Amino acid sequence: MRQVEPRMVLELEGVAAGYGPVRVLHGVSLHVHAGEIVTLIGANGAGKSTLLMSIFGNPRPLAGVIRLHGVDIVGESTYGIARRGIAQVPEGRRIFGEMTVWENLLMGVTPLGARDGEREGRDLGWVMSLFPRLGERREQRAGTLSGGEQQMLAIGRALMSRPRLLLLDEPSLGLAPLMIKQIFAILRQIADEGVTIFLVEQNANQALQLADRGYVLVNGRITLSGSGQALLGDAEVRGAYLGG
Amino acid sequence: EEMVRIGVAGPFSGAYAAFGEQQWRGAEAAIVDINRGGGILGKQILLIKGDDACEPKQAMAVANRLVDNDEVQAVVGHFCSSTTMPASEVYDEAGILVMTHGSTNPMVTERGLKTVLRMCGRDDQQGTVGAEFVVKRLGAKRVAVLHDKDTYGQGLADAMKAHLHTLGLTEVMYEGLTRGEKDFNALVTKIKAAKADAVYFGGLHSEAGPLVRQMREQGVDVPLVSGDGIVSEEFVTAAGGGRFVKNVYMTFGADPRKSPEGKALVARFREAGYEPEGYTLYAYAVVQSIAAAMQESGSYNGVELANWLKRHSVETVMGPKSWDAKGDLKVSDYVMYQWDENGKYAEVE
Amino acid sequence: MNSYVIGQQLVNGVVLGSIYGLIAVGYTMVYGIIGMINFAHGEIYMISAYLTAITLAVLTTWGVDSVFLALILTLISSIAFTALYGWTVERIAYRPLRRSTRLAPLISAIGMSLVLQNYVRLAQGSRNQGVPSLMEGNLRLVGENPEQFVQVTYVQLVIVLTALISMGILSWTIQKTALGRACRATQQDRVMAELLGVNTDRIISVVFVLGASMAAVAGVLVTVNYGSFDFHVGFVTGIKAFTAAVLGGIGSLPGAMLGGLILGLSESFFAGFVNSDYKDVFAFSILVLVLIFKPSGLLGRPAVEKV
Amino acid sequence: MQKVIKHAAMDALKVGLLGLLLFGPMTGMLLDGYGIHYAPSRAFWLVGLLLLGRFMVVVVMNSPALSGVADLFKRKDRVEVVVSPMGQQHHKILVVLTLMVAMALPFLLSKYWLNVAILALIYILLGLGLNIVVGLAGLLDLGFVAFYAVGAYSYALGAEYLGLSFWQAIPFAALLAASFGAVLGFPVLRMHGDYLAIVTLGFGEIIRLVLNNWISLTGGPNGLRTPLPTLFGMEFTKRATQGGTPYHEVLGQWMEIDYSRAARYVFIYVTLLVVVTLLVYMVQRLKRMPIGRAWEALREDEIACRSLGINHVMVKLSAFSMGAMVGGVGGVFFAASQGFVNPASFTFFESALILAIVVLGGLGSVVGVIVAAVVLTVLPELLRDFTEYRVLIFGCAMVVMMVWRPRGLLRIHRPEFVVEKRVP
Amino acid sequence: MSLLTVEDLTMCFGGLTALNQVSFGVERGSITSLIGPNGAGKTTLFNCVTGFYRATAGEIWLHRPGQQGQDLVEMLGQPFRLGDWVDARAFTRRVWFKVFGGSHRVARAGVARTFQNIRLFREMTVLENLLVAQHGRVNRNLVAGIVQTAAFRRSEREALERALYWLAEMGLEQSANQLAGALPYGYQRRLEIARALCTDPVLICLDEPAAGLNPRETAELSGMMEGLRARHGLTIFLIEHDMGLVMEISDHVVVLDHGEVIARGTPQQVQKNPRVLEAYLGVEEAA
Ligand SMILES: Nc1ncnc2c1ncn2[C@@H]1O[C@H](COP(=O)(O)OP(=O)(O)OP(=O)(O)O)[C@@H](O)[C@H]1O
Ligand SMILES: Nc1ncnc2c1ncn2[C@@H]1O[C@H](COP(=O)(O)OP(=O)(O)OP(=O)(O)O)[C@@H](O)[C@H]1O
Ligand SMILES: [Mg+2]
Ligand SMILES: [Mg+2]
């Protein structure tokens, strides 16, 4: 196992997954290097969200290997995987509606065991500065936030855990144009700080501009990959995902 | 070879299971003895257990099953009046003798059924004895009457109340408590506020125990009088020790454990590590009576057996027993017992 | 109606209410975390009553004389063994049902409650059991007439205090600590909680163990107070405690306590001054009325759904 | 294999240790008054059995050679929803076959089993009723027994005070139960799921307590006798009691017939069978009717329903009272078949049992309800031979069935619509 | 007269004023867009219009052509006022709306909506979802349904046809018999629109219909919306963050920020408005 390239953060080989009798992913292979921003694009129902979730073992892959920092994590429990320095902004935000904004953010850190009050405070301050709106609404119940605010909260919560690898499922969903710009800037910034980012986006244009590399998923199979710019220029991609 | 099949129907599960156990122990001991002595008409007896959990629905199922599937020749049971009543209609229609060891509700034998008898007294008899005692012996003027809202307990309390009225006394309080609960403090405070000088309780030991304890704890030291539902050492356990059961009275048939016929049997039970309390010996006596009727009349027909029993007297472990035309015991021998601080009871002279 | 009677009924109600509250806390905690009505909770309480009596009897045979020591040891052993039962029940009957409908664990809980009841009946017999009265003594407020007084026994005092203190500690835990946050997160979205690194199975087990421990505390205190129990006590008490939990707003710990107190008080006042036959009808009517005007219970937070 | 055995042994040891802690005090130390009486052998036997059982199970589940056996017992907790066209041919054959068997039953069964069959039919009825409320409309009702009680008592009381006959009692009870449902439902249906559950539970208890306490009307715990049902003036007793003629005398004019006690049960069984068949048909239709769809939609998402112009309170109310109505009819049949009613038949456990039927059947599935009702009524009767252990085993069965098939015994079918190619 | 007029609408949540004196109109047959930064109060406004929230103050009127205007706020039922206790007519009205009122009445008046967080009947099939939406107009007679009278069958057939029609319009024919919950996100969005259309509305309120769609799908959606307006005469009221879509199809744009209308007008006007640039679009866009 030690031959794996050390700078490889996430590596999928022939991953298959599905729900009950329905297969959604049919042997997906891809990899993400440290410090990279990699994006995955694909039509509705291609299986992008399923792919992100199956990295966390939910649904558990039926076949294939998933290596995180060189360690095979297939079969490990979801929370075990989460404790390996990987965080996800899931589809549908999944914030804890009955808890306050503040508590939601804390949920990003508390489960991870060892507590460090000072660092926690610093991280909270950082997230609040990224999303001042959340600061204003600290004590509001998260369920009553507006759609965009909830999205900010979901991203903020993932950032709170200071992940080494961040998975985002359509982070721009429901955000105002100005906010999207900010989010992408933030992603760029934390990537520069050494966080590896794996991004699923419908907003393919902006995602590919941001990303170092990209993959295209069609019906559960990777059909195309290349650098962000190359994909942007690809005629097929333009026709299918960028609206001509 | 062919056997005489006798059903034993009672609550072997559910809240009343303690009584079911007494019933089964008694009946089992009886057939062992009878079978050892050669059985009935040369045939051995087989007991068949039917659990009704004191629920009418289950009692019907058990009754139908005993009649149709197990084809029993007679039934010992049921225990709760509310199950004996519907089930006995099934037995009656099928012409099978049923003798209950513990259903004291008057209605059991008041419905004109031909094959239904009982080994125990009736609530109205018991209530009368209780009322007489409360008024004449204790000289109470302000009597609180409580019951547990169940067929047995309420029947008892009603009978007691009725006789109280004929004695020219009106109760100061007549109320029900809920079976299964343990906190009767509110009721006790109410008794206290009503300045009752005697309390009559129609119900079972599981409620009587906490009730008397809470009375004593709140400083209500007046006598508590009850019926045969508290005839059990468990009453003392439930009351939190002998201290609390002082000044508690109850009506019960002349203690079968004291009768000369029963002495040896009781000793045997105790040897086996079982205290034959409550209805144990009643069930034993029921089996004895059924066996005697079959043996003597030579028939298994319920109506014939019932008629035989109504005309003859049977020697049982509880002494000689005979029945009137309705199926009730001719002699109701209810007497008053008193508990002492050692947790034992003795007849009141 | 004199004031001593009223005062005594007040005491009766508060004691009874505290008992309901203690047990209701277990219901509310489990509900709060897996959104499931744990019908077997009453049975867990019943088991703790048996364990209390067993421990006390064993201690007596060992010659432990000090009442205080005996009580402490009983509490410890009862909590330990009851918690084990709580854990096992969760493991066997509920954990496999995590991904099914909301109703499946409810049915399984009802089945479990039958199992526990009959297991105890078969193991210990169906007789009424009891413990001797241990702690004597009481506080009395006596009027001019020595016949008139309001009294609280020491055991009752301990019950009320324990109920309040444990409720306080638990609600603080749930509201303010990381464990509590993880619990609430687990309740709202188990998958997301796992994605954040919460071992939800562990959290749920912890909650069951905590709930069972509360039932054990109640079991010890109530058994010592009333001295009598059988294998069937779990049901009646369980239903009442559950009602209390809902009345106060299910999921809210202070609510459980408040609901218990209201239920206890209304029962004892109704029984004391009106008619004890209909006290349960009255108690349930209060529940219905409260819920009509406050659909999520007294202290429950209304489920605001943002559309 | 060796690995499997080692694993199993370790596992069994752990479970055994747990068992020792659980069973030790409870089964090994018996309370005896205030004293104690040790019976360690009981505890050790139990633990031994547990150890062995666990060992065997782990071996069977993990050894590849026996994987076929293991698969049989694997749990299934995924929803299996099948979208299938309605009215399939083999379906119809099955229905006809079932009905034929059901019609033949009274001639094959002993009276005891006939009685059980009647109970099973009553529970099917109740299950279908509650299925409307819980399965289709998604309203958790823990007090369904209240309507059952209302039905039973409206027959008993109606006969006692108003002189209602069995046939008059059915519509009377149905109406009465439905209005009880409506009256209760109106204020409470705005509540959320589990609050509704406890309020209905409370309502069930209130009804039972009132029946128990209102002695002057209901006879309290002593209960009431109910007259036996009649058919066109024919009575099913040996001698006429209600002013009719015994059936064997009526039929005796045309054919050779003797009085048999079973006739009454046959009559109730057949009537019930007709009612249940009609109800099954009705429920199957309801699912494909606007009102049934609205119920299901409400179960799925109330807010969306409101956005579509559906009055959620009224729709819920219709489900609630329709369920109540069915429960009421079930009550009449229960009272008629028992000949006696008292409040002990209407405890919470009864509600729980009916709910178990609905859940085990797979929420919303009619066939599932029927199967589950039969299983849950016949099983306790089969277990009668285990007397002491009967309820314990029944409880275990409930848990095991839930764990094994949390989504119900059968798959859920959704109606499929034929999509024709549309001409634009 | 505008189809929908909103006057001085104010909505407070506790201390938070989510909408402050908002007034605007939606013209008949137009596509009107509502834009604004996150948390500006757009969804809240939708909720008020469709009856899910009762506004703290203000009026909302729906004027269907050829009909009297309808007060959408009154339909929700209101707390009793002092005057009601003396005026019998007002009192009965109040009670009537209190008992039978609610957001469903708004929907019946002809206002349909979709939700920002998709709300489908997930365990029902796509077609069933659409049939439920026609609850108001199908034959609901119980007896007719059970014995399947001709009238009932006709009504069901019509409902099915209407459902299939809208399915086809949304391009979902292939999924007709699938479970709604198992559809991919984008399809679910379209199904929600189809379902809203099945209620036969005059005004349809779409809350971020393009969220989760890729640019090509968004383009399809915009074609669909124009078709709805052109061929079915529907009025569309839209919340959207995709500026390309908004600018392309809107006739009229209302911009909300912090609960207040900061601009309104044609897309071109709004796009140049400095306040909008600052609050929403980003300043460099202007450059
Ligand atoms: N819980 C589920 N059960 C069954 N099938 C599912 C489930 N979730 C998703 N699917 C199916 O899996 C397939 C892939 O869905 P997935 O959500 O991964 O797509 P996606 O690429 O993320 O699409 P989108 O862009 O719309 O988010 C779809 O066909 C969908 O129907
Ligand atoms: N029920 C509520 N309780 C308290 N605050 C609420 C409630 N509903 C909405 N809010 C607040 O009102 C503000 C407006 O919310 P709204 O959902 O209308 O925003 P929006 O314009 O739709 O934003 P987005 O574009 O992000 O969806 C938000 O700040 C939100 O937090
Ligand atoms: Mg997705
Ligand atoms: Mg919004």
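Protein chains in written order, with the working numbering: chain A, 1 to 244; chain B, 245 to 593; chain C, 594 to 900; chain D, 901 to 1324; chain E, 1325 to 1611. Backbone N, C-alpha and C define an ideal beta-carbon position, used for all residues, glycine too. The structure displayed is predicted, hence computed values, not measured ones.
For the candidate residues Asp584/B, Asp441/B, Val432/B and Glu354/B, whose alpha-carbon lies nearest to that of valine 378/B?
-> Asp441/B
Go ahead and label proline 1315/D buried or exposed: buried means 16 or more other beta carbons lie within 10 angstroms of its beta carbon, across all protein chains shown.
-> buried
Whole-angstrom distance between valine 65/A and valine 216/A, CA atom to CA atom | 20 Å
Through-space distance from arginine 1599/E to glycine 1606/E, alpha-carbon basis = 10 Å
What number of angstroms, rounded off, separates the C-alpha of aspartate 434/B from the C-alpha of valine 874/C?
-> It should be pointed out that residue 434/B corresponds to lysine in this sequence rather than to aspartate. Lysine 434/B and valine 874/C: Cα-Cα distance of roughly 19 Å.
Kindly say whether leucine 609/C, judged by its beta-carbon, lies nearer than 8 Å to any beta-carbon of chain B.
-> yes
Spatial neighbours of leucine 840/C within its chain, please: CB distance less than 7 Å, with the 5 preceding and 5 following residues excluded, ordered by chain position.
-> Gly852, Ile855, Leu856, Leu880, Val883, Gly890 and Leu891
Residues from the stretch 1183 to 1197 of chain D in contact with chain E, defined by Cβ distance under 9 Å | Arg1185, Leu1186, Arg1188, Met1189, Pro1190, Ile1191, Gly1192, Arg1193, Ala1194, Glu1196 and Ala1197
Please go through the same chain and pick out, in chain order, the residues whose beta-carbon is closer than 8 Å to the beta-carbon of leucine 1325/D, but skip the five residues on each side of it.
-> No answer is possible for residue 1325/D: it lies beyond the span of chain D, which begins at 901 and ends at 1324.
Kindly say whether threonine 223/A, judged by its beta-carbon, lies nearer than 8 Å to any beta-carbon of chain C.
-> no
Check whether the Cβ atoms of glutamine 722/C and threonine 481/B lie closer than 8 Å to each other.
-> yes
Between the stretch 1527 to 1540 of chain E and the stretch 1475 to 1486 of chain E, do at least 3 Cβ pairs fall closer than 8 Å?
-> no
Any heavy atom of ligand 2 closer than 7 Å to the Cβ of alanine 1342/E?
-> yes
Mind checking if isoleucine 1203/D is an interface residue toward chain E, Cβ cutoff 8 Å exclusive?
-> yes
Shorter than 8 Å from the beta carbon of methionine 961/D to some beta carbon of chain C?
-> no
Would you call the CB atoms of threonine 1559/E and arginine 1352/E closer than 8 Å?
-> yes
Among Ala375/B, Ala274/B, Pro255/B and Ala401/B, which one has its Cα closest to the Cα of arginine 714/C?
-> Pro255/B
Outcome for proline 1389/E when other beta-carbon atoms lying within 10 angstroms are tallied against a minimum of 16 | exposed
Would you list the one or two residues that DSSP bridges to glycine 42/A?
-> Leu217/A
Partner residues on chain E for phenylalanine 1080/D, Cβ-Cβ distance less than 9 Å = The premise fails here: phenylalanine 1080/D is roughly 20 Å from chain E at the closest Cβ pair, so nothing lies under 9 Å.
How about glycine 857/C: is its C-beta nearer than 8 Å to some C-beta of chain A?
-> no
Check each residue's C-beta against every heavy atom of ligand 6 and list, in chain order, those closer than 5 Å.
-> With respect to ligand 6, the structure offers nothing, as its ligand set consists of ligand 1, ligand 2, ligand 3 and ligand 4.
Examine chain D for any beta-carbon lying closer than 8 Å to the beta-carbon of aspartate 394/B, and answer yes or no.
-> yes
Buried or exposed for valine 432/B, please, with buried defined as at least 16 other CB atoms from any protein chain shown within 10 angstroms of its CB.
-> buried
Regarding glutamate 91/A and ligand 3, is the C-beta to nearest heavy atom distance less than 7 Å?
-> yes
Jot down the residue ranges of each uninterrupted alpha helix (DSSP H) in the stretch 1270 to 1307 of chain D, minimum 4 residues, whole runs only, in chain order.
-> 1290 to 1304
Chain A contact for alanine 1610/E (CB, 8 Å cutoff) = With a pLDDT of only 41 at alanine 1610/E, under 50, the local geometry of the prediction cannot be trusted, and no value is derived from it.
If we count the other Cβ atoms within 10 Å of its Cβ and call it buried at 16 or more, is leucine 917/D buried or exposed?
-> exposed
Leucine 1005/D by DSSP, collapsed to three states: which one?
-> helix
Put threonine 1380/E into one of helix, strand or coil per three-state DSSP.
-> coil
Residues sharing a beta bridge with arginine 1437/E, DSSP = Cys1529/E
Compare the C-beta of leucine 913/D against all C-beta atoms of chain C and say whether one is closer than 8 Å.
-> no
With 8 Å as the threshold, decide whether the Cβ of threonine 1374/E is near any Cβ in chain D.
-> yes
Taking C-beta pairs closer than 9 Å, name the residues in chain D that valine 1448/E reaches, listed in chain order.
-> In the sequence on display, residue 1448/E carries methionine and not valine. The contacting residues are Arg1193, Glu1196, Ala1197, Glu1200 and Arg1314.
Helix, strand or coil for tyrosine 934/D per DSSP?
-> coil
DSSP beta-bridge partners for leucine 1343/E?
-> Met1335/E
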